[in-house]
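Protein chains: 2
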Amino acid sequence: MKIIDQNVVIDGIDKTILNFLMEDAKRPILEIAKNIGITGAAVHQRLRKLEKSGLIEGSRLIIDPRLLGYKTMAFVGVYLDKAVSNPLAVNKLKEIPEVIECHYTTGNWSIFVKVLCKDNEHLMKVLNKNIQGIEGVSRTETFISLNQQINRQIKI
Amino acid sequence: MKIIDQNVVIDGIDKTILNFLMEDAKRPILEIAKNIGITGAAVHQRLRKLEKSGLIEGSRLIIDPRLLGYKTMAFVGVYLDKAVSNPLAVNKLKEIPEVIECHYTTGNWSIFVKVLCKDNEHLMKVLNKNIQGIEGVSRTETFISLNQQINRQIKI
DNA sequence: ACTGAAATCGTTGCTGC
DNA sequence: GCAGCAACGATTTCAGT
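Going down the list, the protein sequences come from chains A and B. Mapping of the first sequence onto our numbering: position 30 corresponds to residue 33, and the numbering continues sequentially without gaps. Mapping of the second sequence onto our numbering: position 77 corresponds to residue 80, and the numbering continues sequentially without gaps.
Here it is as structure tokens:
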């Protein structure tokens, strides 16, 4: 777990550059530069500074998993027998490709995960065989996302 | 809501290309091409085909929001008075920048949202003022993510 | 920190296989 | 559907301010 002890200080120009690229990482730098009113070289310098600061983690190509048959998204609250088995359970969850998020949360559950499956049958297999099969998992509660209406990054 | 009625058919080479770029959208195409054993031009052709199919939604620059002071992530289950107020509530949620995901789910809640705030005080403001202030919202249940251990896309 | 130009590298289009 | 090459466009670097 990475410890964050200090914020990165950025100005309005940095924010504009980041907001552009957070929407579309392939947006030409010269276009962004023209929009701001500085040259492409200046934008590039700022991007290098932001990369070095660790604020920029990288870039990802975003695909629509539904077009590959992944049509069932679900959230699963996981109860663990003892709190001590948490890191072990997380390691086991990492090995399940259908698990795309995993959180250690306050409240009823020890662990909260987001899974993406092809259909309900696939989800059932992941729940019963993979997740329930992990040592220490006593019970799970599942919520199927019938429709995701918002999916975005924070506006900075 | 986009209706998906047919899957996009892709082969192993397409999968390899996509998996590379889903991890790092800036990965040089020539490098990927060499890895597969075809030319960069061929990789381009396939990418254009995949874009046209709608499978590729775009690319995003990924930043670490914690370095900008956004250190509190939470999941909020929202109870609505009547099911009919759902689309209206979603529209109101879209106007709250701290709401980064919104799902229509099975189970106890009508709507399930993921919010990203600077700290607990900020979260409290978003909950009490913004979310609870939406017409039709009767009650909310909040789970704070103390630590996100997995965050990835589906492996195809 | 930014500019402007030069060099480098990635992308796209074309022709032939 | 892919290779090879040429033309284009974008990124990156660097001296100068």
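For glycine and all other residues, C-beta sits at the position ideal for the given N, C-alpha and C.
Do we get a CB-CB distance below 8 angstroms when we pair residue i with the residues of chain A?
i              : result
residue 73(B)  : yes
residue 31(B)  : no
residue 127(B) : no
residue 48(B)  : no
residue 130(B) : no
residue 142(B) : no
residue 62(B)  : yes
residue 54(B)  : no
residue 139(B) : no
residue 28(B)  : yes
residue 154(B) : yes
What residue range does the alpha helix (DSSP H) around residue i cover?
i              : result
residue 19(B)  : 15–26
residue 56(A)  : 43–56
residue 32(A)  : 32–39
residue 124(A) : 123–128
residue 95(A)  : 89–97
Using only the alpha-carbon positions, how far apart do residue i and residue j sit?
i              : j              : result
residue 52(A)  : residue 153(B) : 27 angstroms
residue 44(A)  : residue 123(A) : 50 angstroms
residue 108(A) : residue 114(A) : 6 angstroms
residue 106(A) : residue 39(A)  : 38 angstroms
residue 127(A) : residue 134(A) : 10 angstroms
residue 94(A)  : residue 21(A)  : 33 angstroms
residue 137(B) : residue 104(B) : 17 angstroms
residue 98(A)  : residue 4(B)   : 32 angstroms
residue 34(B)  : residue 73(A)  : 29 angstroms
residue 139(A) : residue 129(A) : 16 angstroms
residue 194(B) : residue 42(A)  : Chain B is shown from 4 up to 159; residue 194(B) falls before or after that span and cannot be answered.
residue 117(A) : residue 102(A) : 6 angstroms
residue 66(A)  : residue 87(B)  : 31 angstroms
residue 6(B)   : residue 157(B) : 20 angstroms
residue 171(B) : residue 31(B)  : Residue 171(B) falls outside the range modelled here, since chain B spans only 4 to 159, and no answer is possible.
residue 85(A)  : residue 112(A) : 11 angstroms
residue 69(A)  : residue 119(A) : 10 angstroms
residue 47(B)  : residue 25(A)  : 23 angstroms
Tell me, please, whether the CB atom of residue i is closer than 8 angstroms to any CB atom in chain B?
i              : result
residue 108(A) : yes
residue 35(A)  : no
residue 11(A)  : yes
residue 148(A) : yes
Is residue i a contact residue of the ligand NAD, with contact defined as CB to any heavy atom under 7 angstroms?
i             : result
residue 44(B) : Summarising the ligand content, the structure contains no ligands, and the ligand NAD is consequently not present.
With residue i as the anchor, note down where its beta strand (DSSP E) starts and where it stops.
i              : result
residue 79(B)  : 75–83
residue 3(A)   : The requested residue 3(A) does not occur in the structure, where chain A is confined to residues 4 to 159.
residue 119(A) : 114–120
residue 154(B) : 140–154
residue 108(B) : 102–108
Any 3 or more C-beta pairs closer than 8 angstroms across the region 72–81 of chain B and the region 140–158 of chain B: yes
For the region 52–67 of chain A against the region 87–104 of chain A, do three or more pairs of beta-carbon atoms, one drawn from each stretch, fall closer than 8 angstroms, so that the two count as touching? no
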